[in-house]
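Numbering (this note's numbering), first residue to last: 17 to 90. We put the CB at the ideal spot given by N, CA and C, even for glycine. What you are looking at is a predicted structure, and each value in this text was computed from that prediction instead of being measured. To start, the structure itself, in structure tokens.
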């Protein structure tokens, strides 16, 4: 069973916590990518930003949800 995290007395589901972190991290990452000039090689910057967000969301879900991939690599 997936347990919730207590943040300042409020129980937060791990998926919601991963979503919050992905939102907070994806914008600075996309701004860094823009400043580096990588968007010159990207066909659709909006789709690329969305892909970066979902990649970060998947990474944070993998980090915050205990036992999610416990049997996948065994």
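Buried or exposed (CB count within 10 angstroms, at least 16 for buried), residue i
i          : result
residue 38 : buried
residue 76 : buried
residue 80 : buried
residue 65 : buried
residue 67 : exposed
residue 52 : exposed
Three-way DSSP call (helix, strand, coil) for residue i in this model
i          : result
residue 52 : coil
residue 77 : helix
residue 58 : coil
residue 82 : coil
Residues bridged to residue i [DSSP beta-bridge criterion]
i          : result
residue 22 : 27
Contact set for residue i: own chain, Cβ-Cβ below 7 Å, skip 5 residues either direction
i          : result
residue 61 : 55
Other residues of its chain near residue i: CB distance less than 6 Å, five sequence neighbours each side excluded
i          : result
residue 42 : 68, 69 and 72
Neighbourhood of residue i by C-beta, 8 Å cutoff - its chain only, sequence neighbours within 5 removed
i          : result
residue 45 : 68 and 72
request  = Please confirm if the segment 20-36 is in contact with the segment 59-71, defined as three or more CB-CB distances below 8 Å between the two stretches.
outcome  = Judged by Cβ distances under 8 Å, the segment 20-36 makes no contact with the segment 59-71, as fewer than three pairs qualify.
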